[in-house]
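Novice:
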Amino acid sequence: MKSKIFIALSFFYASSLLFAQGLIDAEGRPTSDLTSSMLNNGAWVSTSTRTSDPVEGSPYLFDTFFNKSKVYFQNDVYSINRLNYNLKSEQFEAQISEDSIFILNTRFVKKVIMNGKTLEPYYNPEETNLTFYENMGEVNGKVLLKENYLTVKEGRVDPMTKVKVGADKYMKNEHYYIGDTNGKIIKKIKLKKSDVLSLFAEDIKSQVTSYVKQNKLKLSDPEDVMKLIYHFNQSDNKQG
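The sequence shown begins at 3 in the numbering used here and counts up by one.
Written as structure tokens, this is what we have:
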């Protein structure tokens with residue numbers, strides 16, 4: 003488990019690390035003014051060192067940090083070559099070296115596009131803070147969201163000695179929600195016909211059902227649901 007020690011970073015140290023990290027502005031300019039802006043915004047808060055984690059597996063959304071990403075703040079957009087999302091701490095982390103990271107202050111983040119996935123902050127009444135959900139598509143003023151989260155599978159216990167003989171393991175899981183376009187969760191759903199159809203307006207549900215049958219889409223498959231949303235968004239755009 004990484005022990006995160008928050009310290010005040012000198013401008014020179016942060017500037018050199020972020021430049022090496024591949025941090026550029028929306029116009030592709032890696033400048034010291036960019037680093038100064040990020041520090042002034044308080045978006046990057048710390049370095050950390052790695053310590054061994056007794057739980058096997060990775061707590062990160064992606065297998066590696068080699069993820070081309072764009073981070074959208076209120077007024078700025080930054081590109082970062084090595085970024086990942088820590089599902090355990092619910093923080094975005096930029097890898098500077100093998101044992102050093104910067105932790106993004108998510109209070110200032112509007113959205114992150116990482117490996118083609120769009121992650122946006124949403125308020126869930128069942129939780130105490132904003133959580134980043136994957137935006138899987140928008141239709142009819144509603145947003146289909148996927149929450150990636152971690153659980154820990156306990157290691158095997160010897161039935162005779164009652165002693166744990168296997169390591170605990172991280173397990174990645176998903177929940178699905180419908181949200182509005184203002185960052186609020188409406189309801190939790192399952193990927194099944196009735197819940198997916200609730201995304202669409204009543205007057206086109208028969209068309210949606212026909213399209214699903216004609217194209218043999220499985221509404222339990224996230225990729226097929228995304229294709230469905232994309233198709234009807236394209237149809238709406240053509241009509242508009």
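Glycine included, C-beta positions come from ideal geometry on N, C-alpha and C.
Start and end of the beta strand (DSSP E) containing Q76?
Specialist: No beta strand (DSSP E) holds Q76; DSSP gives it neither H nor E.
Novice: Using the three-state DSSP reduction, which class does K64 fall into: helix, strand or coil?
Specialist: A small correction: the amino acid at residue 64 is Phe; Lys does not occupy that position in the sequence shown. Note: F64 maps to coil in three-state DSSP.
Novice: Taking Cβ positions, are K112 and Y74 nearer each other than 8 Å?
Specialist: Yes, they are a contact pair.
Novice: Using a Cβ-Cβ cutoff of less than 6 Å, which residues in the same chain neighbour G1 once the five nearest sequence positions on both sides are dropped?
Specialist: In this structure the chain extends from 3 to 242, so residue 1 is not present and cannot be described.
Novice: Mapping DSSP to helix, strand and coil, what is K220?
Specialist: It is coil, neither helix nor strand.
Novice: Tell me, please, which residues DSSP counts as bridged to Y178.
Specialist: Looking at the DSSP assignment, Y178 forms a beta bridge with K148, I191.
Novice: Consult DSSP for L110 and reduce its assignment to one of helix, strand or coil.
Specialist: Correcting the residue identity first, residue 110 is Phe in this sequence and not Leu. Looking at F110 - three-state DSSP - the assignment turns out to be helix.
Novice: If you compare alpha carbons, which of E129, R84, Y125, F234 is closest to T183?
Specialist: That would be Y125, whose Cα lies nearest to the Cα of T183.
Novice: Is it buried or exposed, S222, if we count other Cβ atoms within 10 angstroms and call 16 or more buried?
Specialist: Label assigned to S222: exposed.
Novice: Classify Y232 as buried or exposed, calling it buried when 16 or more other Cβ atoms lie within 10 Å of its own Cβ.
Specialist: Counting Cβ neighbours within 10 Å, Y232 comes out exposed, since fewer than 16 surround it.
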